[in-house]
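2 protein chains.
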Amino acid sequence: MKIEIVNTGSELMLGRVLNTHQQFLCRRLADLGHVVTRQVAIADTGSEIQTAVREALSRADLVITTGGLGPTSDDITRELIAELLGKKLIENKEVLAHIENFFAKRGRPRPAKTSVENFVPEGAEIFPNATGTAPGLAMKAGDRRWEIGDGAETSPSAISHLPSAPPKWLVMLPGPPRELRPMFDNQIVPLLKREFADEIFICRTILTTGIGESRVQEYVEADLQPLVKRGLEIGYCARPGAVDVRLTASGAMAEKLVSEGEAVVQKILGENIFGFDDAEIENVVVKLLAQKKKTLALAESCTGGLIANRITDVPGASEIFLGGVVSYANSAKEKFLDVRAETLQTHGAVSEAVAREMALGAREKFGSDFAIAVTGIAGPSGGSAEKPVGTVFIALASASGVEVKKFLNVWERATFKQVTATQALEWLRRTLSA
Amino acid sequence: MKIEIVNTGSELMLGRVLNTHQQFLCRRLADLGHVVTRQVAIADTGSEIQTAVREALSRADLVITTGGLGPTSDDITRELIAELLGKKLIENKEVLAHIENFFAKRGRPRPAKTSVENFVPEGAEIFPNATGTAPGLAMKAGDRRWEIGDGAETSPSAISHLPSAPPKWLVMLPGPPRELRPMFDNQIVPLLKREFADEIFICRTILTTGIGESRVQEYVEADLQPLVKRGLEIGYCARPGAVDVRLTASGAMAEKLVSEGEAVVQKILGENIFGFDDAEIENVVVKLLAQKKKTLALAESCTGGLIANRITDVPGASEIFLGGVVSYANSAKEKFLDVRAETLQTHGAVSEAVAREMALGAREKFGSDFAIAVTGIAGPSGGSAEKPVGTVFIALASASGVEVKKFLNVWERATFKQVTATQALEWLRRTLSA
Numbered sequence: 022m023k024i025e026i027v028n029t030g031s032e033l034m035l036g037r038v039l040n041t042h043q044q045f046l047c048r049r050l051a052d053l054g055h056v057v058t059r060q061v062a063i064a065d066t067g068s069e070i071q072t073a074v075r076e077a078l079s080r081a082d083l084v085i086t087t088g089g090l091g092p093t094s095d096d097i098t099r100e101l102i103a104e105l106l107g108k109k110l111i112e113n114k115e116v117l118a119h120i121e122n123f124f125a126k127r128g129r130p131r132p133a134k135t136s137v138e139n140f141v142p143e144g145a146e147i148f149p150n151a152t153g154t155a156p157g158l159a160m161k162a163g164d165r166r167w168e169i170g171d172g173a174e175t176s177p178s179a180i181s182h183l184p185s186a187p188p189k190w191l192v193m194l195p196g197p198p199r200e201l202r203p204m205f206d207n208q209i210v211p212l213l214k215r216e217f218a219d220e221i222f223i224c225r226t227i228l229t230t231g232i233g234e235s236r237v238q239e240y241v242e243a244d245l246q247p248l249v250k251r252g253l254e255i256g257y258c259a260r261p262g263a264v265d266v267r268l269t270a271s272g273a274m275a276e277k278l279v280s281e282g283e284a285v286v287q288k289i290l291g292e293n294i295f296g297f298d299d300a301e302i303e304n305v306v307v308k309l310l311a312q313k314k315k316t317l318a319l320a321e322s323c324t325g326g327l328i329a330n331r332i333t334d335v336p337g338a339s340e341i342f343l344g345g346v347v348s349y350a351n352s353a354k355e356k357f358l359d360v361r362a363e364t365l366q367t368h369g370a371v372s373e374a375v376a377r378e379m380a381l382g383a384r385e386k387f388g389s390d391f392a393i394a395v396t397g398i399a400g401p402s403g404g405s406a407e408k409p410v411g412t413v414f415i416a417l418a419s420a421s422g423v424e425v426k427k428f429l430n431v432w433e434r435a436t437f438k439q440v441t442a443t444q445a446l447e448w449l450r451r452t453l454s455a
Numbered sequence: 022m023k024i025e026i027v028n029t030g031s032e033l034m035l036g037r038v039l040n041t042h043q044q045f046l047c048r049r050l051a052d053l054g055h056v057v058t059r060q061v062a063i064a065d066t067g068s069e070i071q072t073a074v075r076e077a078l079s080r081a082d083l084v085i086t087t088g089g090l091g092p093t094s095d096d097i098t099r100e101l102i103a104e105l106l107g108k109k110l111i112e113n114k115e116v117l118a119h120i121e122n123f124f125a126k127r128g129r130p131r132p133a134k135t136s137v138e139n140f141v142p143e144g145a146e147i148f149p150n151a152t153g154t155a156p157g158l159a160m161k162a163g164d165r166r167w168e169i170g171d172g173a174e175t176s177p178s179a180i181s182h183l184p185s186a187p188p189k190w191l192v193m194l195p196g197p198p199r200e201l202r203p204m205f206d207n208q209i210v211p212l213l214k215r216e217f218a219d220e221i222f223i224c225r226t227i228l229t230t231g232i233g234e235s236r237v238q239e240y241v242e243a244d245l246q247p248l249v250k251r252g253l254e255i256g257y258c259a260r261p262g263a264v265d266v267r268l269t270a271s272g273a274m275a276e277k278l279v280s281e282g283e284a285v286v287q288k289i290l291g292e293n294i295f296g297f298d299d300a301e302i303e304n305v306v307v308k309l310l311a312q313k314k315k316t317l318a319l320a321e322s323c324t325g326g327l328i329a330n331r332i333t334d335v336p337g338a339s340e341i342f343l344g345g346v347v348s349y350a351n352s353a354k355e356k357f358l359d360v361r362a363e364t365l366q367t368h369g370a371v372s373e374a375v376a377r378e379m380a381l382g383a384r385e386k387f388g389s390d391f392a393i394a395v396t397g398i399a400g401p402s403g404g405s406a407e408k409p410v411g412t413v414f415i416a417l418a419s420a421s422g423v424e425v426k427k428f429l430n431v432w433e434r435a436t437f438k439q440v441t442a443t444q445a446l447e448w449l450r451r452t453l454s455a
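Here it is in structure tokens:
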């Protein structure tokens with residue numbers, strides 16, 4: 022089964038927004054056993070949209086478009102695709118009622134512009150939008166004229182030799198993620214299960230840290246060879262401070278191949294593995310703390326609340342997380358964390374001594390089992406010869422005392438914060454796993 | 022000038038990672054006056070990569086590929102493109118020296134796998150990788166054979182009627198963002214300036230909040246009509262709690278058209294505009310506080326440090342941000358913010374009264390001019406009939422007292438935190454702008 026995604030939106034081509042639809046749809050489809058074969062993004066322009074959709078239909082069994090269904094003048098996907106497929110747009114009373122209800126519930130009059138949204142291509146399946154107004158649409162591109170190439174030049178009679186071919190499907194989804202995501206999960210997945218045979222595809226990602234990408238392959242590849250010969254596929258992906266090893270397989274033996282591969286990698290890379298699939302280090306840390314019934318407090322300077330933010334992104338964090346202090350000003354370090362004025366003056370805010378006192382102060386004042394403290398220079402300014410931008414001290418306090426490590430994280434500000442937060446969480450993870 | 026981007030990587034097609042290259046490259050190219058016409062993502066598979074690159078070269082003047090240049094076995098883009106263009110891979114001593122130096126500097130032996138990275142297509146321009154090992158590559162796809170369609174079947178003599186056509190360029194960039202980004206900015210931009218004529222393209226995004234997408238268009242479109250007739254293009258993009266109005270134009274009149282359009286929108290939407298282009302509300306808030314020489318402190322419960330994190334993402338935040346308390350546990354609210362045990366017991370942690378005391382406590386203890394406090398139920402659990410998941414109280418304390426607002430933000434956990442943080446920052450922005 023071949024699947025293509027066509028993302029429409031000039032804001033994508035201008036780099037104004039990040040295309041999160043690709044990852045969401047590819048991920049959900051892979052979980053269903055279907056791997057997307059191609060994704061294309063184009064501007065909200067008539068000829069571009071029609072060309073891209075026509076090309077996609079010529080290759081794929083399922084084409085999913087995103088965007089261009091809304092009420093404004095640059096939302097033209099619905100009209101263009103109806104035209105391409107030779108379908109009329111007809112008014113749909115149920116969609117109209119849904120849109121009127123949407124605004125009535127919110128006590129706002131319905132803007133006149135939304136009236137375009139209740140015109141839908143004839144014969145389309147309609148998916149009411151639970152979190153917005155424009156419905157999703159699905160159509161059979163039934164006569165498979167697309168296989169010939171340029172549909173515009175092919176008469177239906179020319180393809181009558183393909184009567185038994187299963188129909189292709191074109192699914193059109195609205196652009197806002199908060200509308201597209203629930204619609205896909207609740208309304209499109211049932212359509213796919215109804216129209217397409219189940220496929221078996223297993224993907225397992227093993228998340229490692231502390232070894233470079235080429236070393237990771239060097240260590241595992243020979244032992245994985247026998248499985249590769251039987252159909253296992255291996256991929257490597259380097260990220261800041263981490264390397265993913267991805268094992269995939271299709272068909273009846275998929276589960277077995279991937280499990281065996283995982284056992285091989287686990288045996289070789291051992292404690293460098295911090296998790297699997299979507300695990301973020303913070304999820305692992307929250308889980309480990311909950312299992313051990315231990316609590317955590319934070320004292321963050323240069324990470325500015327990011328560690329707390331990552332920890333509190335994990336559902337159930339409140340069980341183990343007592344809180345944190347973002348001690349940006351020196352006075353906050355003294356008042357909230359009992360860092361001594363003398364230590365600040367003698368060693369400076371970015372120092373081993375201050376990190377140590379911050380961690381001890383946080384552990385003491387929150388009354389937690391563990392406390393992490395971070396102080397450093399995020400940049401772009403504030404560095405010196407002795408302490409350049411990127412200098413970080415991380416302290417970890419526990420019942421057995423306090424330790425401090427020094428790092429040099431030379432990245433721009435946002436990556437600096439992420440990398441530093443990951444180092445702190447990874448240290449805690451290893452401590453909890455030991 | 023037509024530009025296409027080809028992103029290679031099975032991890033993209035499996036939805037394991039977000040394609041941040043598209044936004045980065047589209048944005049940088051638009052800033053240079055060039056709008057990307059198409060972006061395609063495909064798996065690390067021989068036939069797919071060659072087909073996608075050949076198709077892109079048949080349409081575009083410049084094709085940029087990302088990924089597949091690294092040392093592991095799924096990094097095959099370099100080999101495939103060399104084969105497609107009929108170029109041999111030859112060993113390059115300078116690249117080898119660069120890679121050896123990269124590992125020597127880090128005190129690590131060079132992994133044997135990296136030796137593939139010093140083989141480059143003959144005739145390619147080579148861009149040493151300042152933050153990694155695999156070099157970037159640029160090649161002229163000079164004979165424009167691609168215009169005919171399938172290059173494999175076209176002999177060079179068949180296209181001799183196009184002798185004066187300018188060459189097409191194929192640029193290959195490594196996949197890790199920390200390698201791709203500086204390479205593009207420092208090494209590819211000069212190549213583009215050398216090889217392609219400057220184009221004038223102006224894009225201005227006006228960021229609004231508090232009005233829906235269709236209303237925004239309804240308000241501004243009639244007054245923008247005369248400019249549209251002269252070549253101004255308008256786009257709208259709805260985001261959670263915000264609508265972007267995008268004005269673009271090309272050519273000699275671009276600057277004038279966009280400026281006039283901006284004046285029209287500004288006059289009509291007035292205080293609903295919170296910024297322009299990349300401005301995030303936190304950037305605006307930090308700037309306004311710095312201008313007024315006022316300071317800020319935070320007391321966050323349900324946002325878990327996100328507001329502090331967003332504020333500290335802004336370079337220079339330390340001038341105005343004293344710090345914050347992430348008071349997840351009730352005991353932290355009492356100890357760090359002087360919230361009274363009685364108030365917590367009578368009203369519950371998620372209440373107007375507790376939000377008020379948190380804000381007053383933070384302002385008092387940090388000694389700031391302004392303090393924001395947030396308490397609510399992020400979910401997925403913890404709600405009740407009286408206080409359902411999504412209930413939030415935001416308090417804003419200043420010299421003139423303290424005010425509390427109640428919101429109901431029914432979103433999943435991460436969006437809940439983002440929307441709540443935006444509401445808090447937007448309230449402060451309006452207070453500072455008043």
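Chains as they are written, first to last, in this note's numbering: chain A, 22 to 455; chain B, 22 to 455.
Backbone N, C-alpha and C define an ideal beta-carbon position, used for all residues, glycine too.
{"Item": "Per DSSP, what kind of secondary structure is B/L290 in: helix, strand or coil?", "Value": "helix"}
{"Item": "Whose CA, out of A/L39, A/R48, A/V84, A/C323, lies closest to the CA of A/G411?", "Value": "A/C323"}
{"Item": "Do you know offhand how far B/E303's Cα is from B/A445's?", "Value": "10 Å"}
{"Item": "Please report the Cβ distance between A/P195 and A/G91, rounded to the nearest whole angstrom; I am assuming they are in contact, meaning their Cβ atoms lie under 8 Å.", "Value": "7 Å"}
{"Item": "For the candidate residues A/E301, A/S94, A/E104, whose alpha-carbon lies nearest to that of A/A133?", "Value": "A/S94"}
{"Item": "Going along chain B, which residues have a C-beta under 8 Å from A/K308?", "Value": "Neighbours of A/K308 on chain B: none; closest Cβ ~16 Å, over 8 Å."}
{"Item": "When you check each C-beta in the region 63-82 of chain A against every C-beta of chain B, which residues fall closer than 8 Å?", "Value": "I63, A64, D65, E69, A73"}
{"Item": "The beta strand (DSSP E) spanning B/W190 covers which residue range?", "Value": "189-194"}
{"Item": "Given B/L191, which residues of its chain have a CB within under 6 Å of its CB, disregarding the five upstream and five downstream residues?", "Value": "V84, M160, A162"}
{"Item": "Please list the partners that B/L381 has in chain A, where partner means a Cβ-to-Cβ separation under 7 Å.", "Value": "Going along chain A, no residue has its Cβ under 7 Å from B/L381, so there is no contact; the nearest lies around 16 Å."}
{"Item": "Going by C-alpha to C-alpha distance, which of A/A416, A/P401, A/T441 sits closest to B/P336?", "Value": "A/P401"}
{"Item": "Is A/I24 helix, strand or coil by DSSP?", "Value": "strand"}
{"Item": "Thinking C-alpha only, which one of A/E239, A/H368, A/L245 is nearest A/L268?", "Value": "A/L245"}
{"Item": "Are B/A329 and B/L319 touching if we call contact CB-CB under 7 Å?", "Value": "yes"}
{"Item": "Could you please give the first and the last residue of the uninterrupted alpha helix (DSSP H) stretch that includes A/L53?", "Value": "Run containing A/L53: none; DSSP gives neither H nor E here."}
{"Item": "Rounded C-beta distance between B/V286 and B/I227? I'm assuming under 8 Å.", "Value": "5 Å"}
{"Item": "Between B/F140 and B/I111, how many whole angstroms is the CB-CB distance? I'm expecting something under 8 Å.", "Value": "7 Å"}
{"Item": "Is it true that the region 362-373 of chain B meets the region 359-372 of chain A, where meeting means three or more beta-carbon pairs spaced less than 8 Å apart?", "Value": "no"}
{"Item": "Once DSSP output is grouped into helix, strand and coil, what is the label at B/D265?", "Value": "strand"}
{"Item": "If distances are taken between C-alpha atoms only, which option among B/G233, B/F297, B/A275, B/K315 comes closest to B/L248?", "Value": "B/A275"}
{"Item": "The alpha helix (DSSP H) spanning A/M34 covers which residue range?", "Value": "31-34"}
{"Item": "On the CB-based measure, 16 or more other CB atoms within 10 Å of its CB, does B/Q238 come out buried or exposed?", "Value": "buried"}
{"Item": "Would you mind listing the beta strand (DSSP E) stretches within the region 201-232 of chain B that are 3+ residues and don't spill past its ends, in chain order?", "Value": "222-229"}
{"Item": "Quick check on the DSSP output: the beta strand (DSSP E) that includes A/T58 runs from which residue to which?", "Value": "57-63"}
{"Item": "Specify whether the region 56-64 of chain A and the region 22-40 of chain A touch according to this definition: at least 3 beta carbon pairs, one from each stretch, less than 8 Å apart.", "Value": "yes"}
{"Item": "If you draw a straight line from the C-alpha of B/F154 to the C-alpha of B/E146, how long is it?", "Value": "Rather than Phe, the amino acid found at residue 154 of chain B in this sequence is Thr. One C-alpha to the other measures close to 16 Å."}
{"Item": "Is it the case that the region 296-314 of chain B contacts the region 280-297 of chain A, given that we only count it when at least three CB pairs across the two stretches are under 8 Å?", "Value": "no"}
{"Item": "Please report how far the alpha carbon of A/G404 lies from the alpha carbon of A/F437, in whole angstroms.", "Value": "14 Å"}
{"Item": "Under the rule that 16 or more other beta-carbon atoms within 10 Å means buried, what is A/R127, buried or exposed?", "Value": "exposed"}
{"Item": "Against chain A, with Cβ distances strictly below 7 Å, would B/L35 count as a contact?", "Value": "yes"}
{"Item": "Measure the Cβ-Cβ separation of A/P130 and A/K108 and say whether it is below 7 Å.", "Value": "no"}
{"Item": "Identify, in the order they occur along the chain, each residue of the same chain with its Cβ nearer than 6 Å to the Cβ of A/V279, setting aside the five sequence neighbours on each side.", "Value": "I223, R225, L268, A270"}
{"Item": "Residue ranges of each beta strand (DSSP E) run of no fewer than 3 residues wholly in the region 288-329 of chain A, ordered along the chain?", "Value": "294-297, 317-321"}
{"Item": "Quick one, are the C-beta atoms of A/L89 and A/D82 less than 7 Å apart?", "Value": "Sequence inspection shows Gly at residue 89 of chain A; the Leu mentioned does not correspond to that position. Not closer than 7 Å, so no."}
{"Item": "Go ahead and label B/K314 buried or exposed: buried means 16 or more other beta carbons lie within 10 angstroms of its beta carbon, across all protein chains shown.", "Value": "exposed"}
{"Item": "Please list, in chain order, the chain B residues whose beta carbon lies closer than 9 Å to that of A/F342.", "Value": "G325, V347, Y349, A350"}
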